[in-house]
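S.K.:
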Amino acid sequence: MRSKWLKAILLVSLICFVSLSLFCGKTGELEVIQVHKPGIPVVYFEVMIKAGSAYDPLGKEGLAYFTAELLDRGTESFSRDEIDELLDFISARLSVEVNKEVMVISGTTLKENLDKFYQVFSEIILKPTFPEDQIEKTKLDQLDAIENTRQRDRSLVRESFDNFIHRGHPYGHLVCGNESSVNSLSRQDALSFYHKHFLKNNILLGLAGDFDDGLVQRLREDMSALNVGQVPEIGGEIQPIVGRKVLLIEKEKRAQTQFRIGHPFDLTRHSPDYFPMLVANAQLGKHRESIGRLYKTVRMDRGLCYGAYSYIEHFEQFGWGKLASPNCPREAQYFSMWTYPKSVNAKFGMKLCLKEMTDLATNGIPEDKLEFMKSFEKNQFPFQIETPQRKLAHMMAEKYYGTYGFVDHFESDVERVTKEKIDRAARMYLSPENVAIVALVSDGEEFIKEVLSDQTVIEYPSQADPTALKEEDDQIKAFDLKLTKDDFEIVKASELFK
Amino acid sequence: MKCQRILSFAFCLLLLTALPVRAGSIDLDIQKTVLDNGLTILTCEDHSVPTASFQTFMNVGSRDEVKPGKTGLAHIFEHMMFRGTERYPDYDEALGHFGPETNAYTGEDRTVYFVNVKGEYLEKVIEVEADRVQNLIFNDQTFRTELGPVKEERRMGDVEDPDGFLWCEFTQIAYLKHTYHHPVIGFEEDLEKNIQVEDGLEFKQTFYSPGYATIVVAGNFDTPQVLEWIKTYYADWERQPPQDIPIPAEPPQTEERVKEYVWKDDLITPKLIIGYHGPEFDIMSDDFCALKLIGEILFLKSGRLTKRLYTDLQMVDYISGRMQSQKDPGMFTVSTNLKRGKSLQEIKKIVFEEIDKLTREKVSEEELTKGKNSVKASMFYRLNRPFSVASLIGRYHLLGGDYNLLFQIEDRYDSITPEIIQQVAEKTFKPTNRTVVSLVPKG
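What follows is the structure, given as structure tokens:
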């Protein structure tokens with residue numbers, strides 16, 4: 002009996018030690034990551050917690066999101082209305098974001114209102130009450146978030162792709178859950194999730210802007226009131242894609258075909274191949290940049306689409322922003338390509354993307370593009386950390402990943418990349434023969450017929466006639482998609498996320 | 096109960112001690128230079144960052160597209176500006192080494208090209224930007240090819256996206272004469288059939304001259320040096336006589352306009368846009384400032400409409416609104432997305448009730464202060480990178496006619512009283528001045 006207790010004590014001590022080493026300093030004191038930028042009297046807060054949707058229990062998908070949504074809907078001292086009113090009055094900003102692995106609570110305030118803001122900010126982390134009268138309301142809002150994902154073609158395809166390549170894994174559901182799981186959530190579920198994840202050894206703190214040591218100490222001391230406990234792990238294995246598998250999502254009368262192609266892979270920030278693949282991806286199609294092959298071949302040469310891009314990490318936001326949000330770290334990443342041509346050109350577009358991916362995997366980066374792409378990456382990095390809050394977010398991600406020096410050594414790490422390293426990494430990590438394709442189409446059966454037919458159509462805009470591209474077009478048309486009827490699944494958009 | 100009282104006391108104490116936002120006045124050192132050819136340059140140094148933003152504001156947008164059948168030209172031209180010159184046939188190759196953030200956007204009143212880059216690379220940026228604005232290659236082949244991405248951009252934004260679709264319909268109903276009637280991206284028929292390469296060339300001749308341009312540079316650089324480079328590379332840009340483009344004035348609206356559309360599938364929930372004609376961008380005008388503040392009073396998170404429709408009644412999943420900032424009289428708009436099963440009629444009734452209340456009752460000093468705080472702080476939060484600083488300076492210069500107006504924002508908004516709010520609301524929010532469009536799911 003004594004031995005059992007001893008073992009239990011030893012186990013708890015070990016867990017505490019390992020856990021403390023995740024986010025706490027050696028003394029067990031909470032670390033506050035700091036980016037000082039005096040001059041503009043604004044203070045930015047960021048708190049990152051390992052409490053993303055991958056920790057949702059089976060059947061309770063959407064619980065992390067639900068818990069996050071409830072944080073600012075009532076605390077021990079403030080009701081939801083009071084929080085909204087006060088933050089508006091002092092013009093402070095507060096947001097709670099949930100991704101697959103983390104929950105990020107961010108705040109921005111003018112320095113003159115720091116104390117008032119801090120009272121609310123610290124309470125939503127330390128003393129949320131998950132008020133009973135907000136439970137059903139929050140669920141209703143959460144069901145809207147699911148509905149909005151379904152309504153918008155871009156988010157529908159991106160989220161469906163993410164789910165498709167992570168089937169059976171904790172990443173494989175929407176962050177906001179599905180309709181039946183959300184309907185099953187309760188106040189007790191949120192409380193339990195909160196107590197399991199809001200731990201001193203599971204929380205990462207950050208401050209940026211114009212602040213002093215007093216605030217650092219105050220934040221550290223206040224957050225130390227959280228319990229220490231066992232940090233949950235994300236289990237499950239991501240299954241590799243074998244061959245080419247296609248998921249067609251049907252929505253009526255689509256004029257464009259949004260599609261994503263890609264696969265999960267082992268590349269992470271820890272990998273020595275991260276920087277070679279970063280440069281390789283710039284060559285293929287960095288988000289909203291016009292220097293990559295996909296953009297050039299799809300848009301500039303042929304005018305087939307507004308954009309065509311590729312990614313070596315999950316890319317969260319849409320819109321104008323070119324820079325990836327640093328606030329959604331994932332330990333398991335995936336490669337993907339995204340474009341959205343007019344429907345008649347969808348098959349040609351898929352072949353083109355896969356051919357470009359194959360070329361990169363087979364031939365690597367052209368010699369004459371190496372220095373150009375490296376230089377691009379090095380010189381663009383200052384924008385990644387241009388504002389205090391972006392720099393803070395990057396440093397938080399660095400801490401999360403444990404990739405110390407990512408920010409400070411980014412430029413020299415890119416500089417060390419060689420053609421050999423890129424070519425080897427592209428061969429190793431890109432697998433164009435084993436990809437998932439997720440596309441939004443009007444009629445799935447018709448689309449399958451078209452894809453399996455011998456013909457590949459290309460319709461140039463406005464009777465443009467780029468005869469110079471004929472040879473290249475013929476090569477693309479001849480690219481074998483290697484698909485059979487069995488490789489396709491069809492689902493109606495209305496049936497997703499149920 | 097006792098607990099509740101104590102909690103409310105904590106809140107009241109915080110609120111009472113919360114003062115109007117001071118945020119420090121906007122502190123930007125802006126220098127203005129005008130070259131002999133009429134090109135205006137505004138510079139604002141900031142050595143706390145290694146980056147700089149170089150922005151070319153062209154005083155032309157879809158508002159200036161007055162010829163029938165030629166809508167969308169300003170935007171197409173913006174796309175063409177990335178198609179190269181004889182000297183730099185590939186724009187991306189020319190600047191890519193420097194890792195720039197390059198892009199452009201076209202609005203109703205302006206077209207803006209920007210390059211964000213480390214300050215040390217500005218000379219090359221200036222050379223390439225000066226080259227393309229003067230020596231752009233225009234040929235039929237590239238023009239036709241570029242129409243492709245433009246049409247796909249339109250399909251993505253205004254055909255496949257229900258919000259984009261409804262906004263396009265809204266402006267066409269709200270404006271009958273003025274060129275704000277047509278979408279910035281242009282009508283489908285014009286893009287498909289009417290616009291030819293010659294139209295693009297004529298557009299270039301008409302609008303792309305130094306008198307229409309303002310260069311704004313913000314960030315890490317030395318002003319005399321940058322001015323020297325600009326003088327060198329833009330000196331040959333020939334001055335053109337200013338054009339007198341007759342923009343048709345919008346006649347006063349005399350009756351309410353209402354239209355409902357049916358979306359192509361049943362996956363959306365109903366959407367609604369309500370608009371009232373209002374003033375042009377002019378922060379010296381009480382009307383404009385008051386309507387901006389009304390936007391805050393209604394649509395902040397604790398604002399009247401957000402609180403009632405989103406937070407309390409949960410009838411909408413999103414609601415927002417604002418007074419547009421435009422060169423000619425713009426609209427005060429309310430946009431909302433209903434929750435499933437909620438009635439458009441009921442939502443409209445509540446929106447009208449809250450708007451009507453502004454015409455009948457004075458807003459409280461506290462609500463007004465909250466609105467003023469928000470307007471001022473929003474501006475302040477944006478000054479965190481050279482790109483945002485340059486955008487702000489350029490916007491005030493182009494729309495307001497003088498970037499110095501930036502320094503009057505605080506005083507102007509502070510001068511608005513509850514009485515002014517009520518007077519302006521009364522003048523603006525008349526049913527006869529109202530346009531209402533809605534989109535419902537199929538079936």
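Protein chains in written order, with our numbering: chain A, 2 to 499; chain B, 96 to 538. For every residue, glycine included, the Cβ atom is placed at its ideal position computed from N, Cα and C. Since the structure is predicted, the reported quantities are computational estimates derived from the model, not experimental observations.
(1) Distance cutoff 9 Å, beta carbons only. Does residue 488 of chain B sit that close to anything in chain A?
(2) Measuring alpha carbon to alpha carbon, tell me which residue in A:141, A:497, A:115 is nearest residue 410 of chain B.
(3) Taking the straight line between their C-alpha atoms, what separation do you get for residue 144 of chain B and residue 118 of chain A?
(4) Whole angstroms is fine: what's the gap from residue 117 of chain B's alpha carbon to residue 330 of chain A's?
(5) Report the residues of the region 281 to 301 of chain A with a CB closer than 7 Å to any CB of chain B, ordered along the chain.
(6) Since residue 228 of chain A meets chain B, which of its residues come closer than 9 Å, beta carbon to beta carbon?
(7) Kindly identify the DSSP beta-bridge partner or partners of residue 239 of chain B.
(8) Rounded C-beta distance between residue 472 of chain B and residue 111 of chain A? I'm assuming under 8 Å.
(9) Does the CB of residue 191 of chain B have a neighbour CB from chain A at under 9 Å?
(10) Ordered along the chain, which non-local residues of its own chain (more than five positions away) have a Cβ less than 6 Å from that of residue 466 of chain A?
(11) Pull the bridge partners of residue 159 of chain A from the DSSP assignment, please.
(12) Beta-carbon of residue 479 of chain A versus every beta-carbon of chain B: anything under 9 Å?
(13) If we count Cβ pairs, one from each stretch, closer than 8 Å, do we get three or more for the region 224 to 234 of chain B versus the region 325 to 339 of chain B?
(14) Let's test the definition: count the other Cβ atoms within 10 Å of the Cβ of residue 122 of chain B and tell me whether it reaches 16, buried, or not, exposed.
(15) Can residue 158 of chain B and residue 370 of chain B be called in contact, C-beta distance under 9 Å?
(16) Within the 9 Å Cβ cut-off, does residue 360 of chain A reach chain B?
(17) What's the gap between the Cα of residue 109 of chain A and the Cα of residue 208 of chain A?
(18) Kindly provide the ranges of any beta strand (DSSP E) runs that are 3 or more residues long and lie completely inside the region 288 to 362 of chain B, ordered along the chain.
(19) Between the alpha carbons of residue 344 of chain A and residue 248 of chain A, how many angstroms are there, rounded?
(20) Determine the direct distance from the alpha carbon of residue 355 of chain A to that of residue 259 of chain A, and round the result to whole angstroms.
(21) Does any residue of chain A bring its CB to less than 9 Å from the CB of residue 442 of chain B?
(22) Within 9 Å (strictly less), CB to CB, does residue 203 of chain B reach chain A?
(23) Along the chain, where does the alpha helix (DSSP H) containing residue 351 of chain A start, and where does it finish?
(24) For a test of the three-state rule: what should DSSP assign to residue 321 of chain A, helix, strand or coil?
(25) So, with DSSP's three-state summary, where would you put residue 468 of chain A?
(26) Just the Cα atoms here: how many angstroms apart are residue 32 of chain A and residue 99 of chain A?
(27) What residues of chain B sit near residue 43 of chain A, judged by a beta carbon separation below 7 Å?
(28) Would you kindly report the start and end of the unbroken alpha helix (DSSP H) that includes residue 193 of chain A?
(29) For a contact defined as C-beta to C-beta under 8 Å, what are the partners of residue 459 of chain B on chain A?
(30) According to DSSP, residue 438 of chain A sits in a beta bridge with which residue or residues?
(31) Around the Cβ of residue 379 of chain A, are there at least 16 other Cβ atoms within 10 angstroms (buried) or fewer (exposed)?
(32) Rounded to a whole number of angstroms, what is the C-alpha to C-alpha distance between residue 232 of chain A and residue 200 of chain A?
(33) Just to confirm the assignment: which complete alpha helix (DSSP H) runs, minimum length 4, are found wholly within the region 374 to 452 of chain A?
(34) In the DSSP output, which residue or residues are listed as bridge partners for residue 417 of chain B?
(35) Going along chain A in order, which residues have a C-beta closer than 9 Å to the C-beta of residue 177 of chain B?
(36) Pick from A:289, A:324, A:396, A:284: whose alpha carbon is nearest that of residue 364 of chain A?
M.R.: In terms of the structure at hand:
(1) For residue 488 of chain B, the answer is no, since every Cβ of chain A falls outside 9 Å of its Cβ.
(2) Ranking A:141, A:497, A:115 by Cα distance to residue 410 of chain B puts A:141 first.
(3) Here the alpha carbon of residue 144 of chain B sits roughly 27 Å from the alpha carbon of residue 118 of chain A.
(4) Because the pLDDT of residue 117 of chain B is 48, which lies under 50, any placement of that residue in the model is unreliable, and the question is left without a value.
(5) So the list reads 291, 292, 300, given in the order they occur along the chain.
(6) Neighbours of residue 228 of chain A on chain B: none; closest Cβ ~24 Å, over 9 Å.
(7) For residue 239 of chain B, which the question treats as bridged, DSSP gives no partner whatsoever.
(8) With a Cβ gap of about 6 Å, residue 472 of chain B and residue 111 of chain A count as contacting.
(9) By the rule that beta-carbons nearer than 9 Å mark a contact, residue 191 of chain B touches chain A.
(10) Taken in chain order, the list of residues that qualify is empty.
(11) Answer is none; residue 159 of chain A lacks a bridge partner.
(12) At least 9 Å separates the CB of residue 479 of chain A from every CB of chain B.
(13) Enough Cβ pairs lie closer than 8 Å, so yes.
(14) The residue is exposed, with fewer than 16 neighbouring Cβ atoms inside 10 Å.
(15) In this structure, residue 158 of chain B sits away from residue 370 of chain B, with a CB-CB distance that is not shorter than 9 Å.
(16) No - not a single Cβ of chain B is within 9 Å of the one on residue 360 of chain A.
(17) Whole-angstrom Cα-Cα distance: 10 Å.
(18) Entirely contained in the region 288 to 362 of chain B, the beta strand (DSSP E) runs reaching 3 residues are, in chain order, 308 to 314, 352 to 357.
(19) In a straight line, the C-alpha of residue 344 of chain A is about 16 Å away from that of residue 248 of chain A.
(20) Taking the CA atoms as reference points, residue 259 of chain A sits about 15 Å from residue 355 of chain A.
(21) Using a CB distance cut-off of 9 Å, residue 442 of chain B does not count as an interface residue toward chain A.
(22) Taking CB atoms only, residue 203 of chain B has no neighbour in chain A less than 9 Å away.
(23) Run containing residue 351 of chain A: 347 to 364, per the alpha helix (DSSP H) assignment.
(24) Residue state, collapsed to three classes: coil.
(25) Residue 468 of chain A: helix per DSSP, three-state reduction.
(26) Their backbone Cα atoms lie some 22 Å apart in a straight line.
(27) Chain B residues near residue 43 of chain A: 476.
(28) Note, residue 193 of chain A: alpha helix (DSSP H), 188 to 198.
(29) Within chain A, no C-beta atom comes nearer than 8 Å to that of residue 459 of chain B; the closest sits roughly 12 Å away.
(30) Residue pairing by DSSP puts residue 438 of chain A in a beta bridge opposite A:247, A:262.
(31) It is buried - the Cβ of residue 379 of chain A has at least 16 other Cβ atoms within 10 Å.
(32) Cα atoms of residue 232 of chain A and residue 200 of chain A: separation of roughly 8 Å, rounded to the nearest angstrom.
(33) Annotation: the region 374 to 452 of chain A contains the following complete segments of the alpha helix (DSSP H) (minimum length 4 residues), in chain order: 389 to 402, 411 to 416, 420 to 430.
(34) In DSSP, residue 417 of chain B forms a bridge with B:428.
(35) What residue 177 of chain B touches in chain A, judged by beta-carbon distance under 9 Å, is 291, 301, going in chain order.
(36) Residue A:284 holds the alpha-carbon nearest to the alpha-carbon of residue 364 of chain A among A:289, A:324, A:396, A:284.
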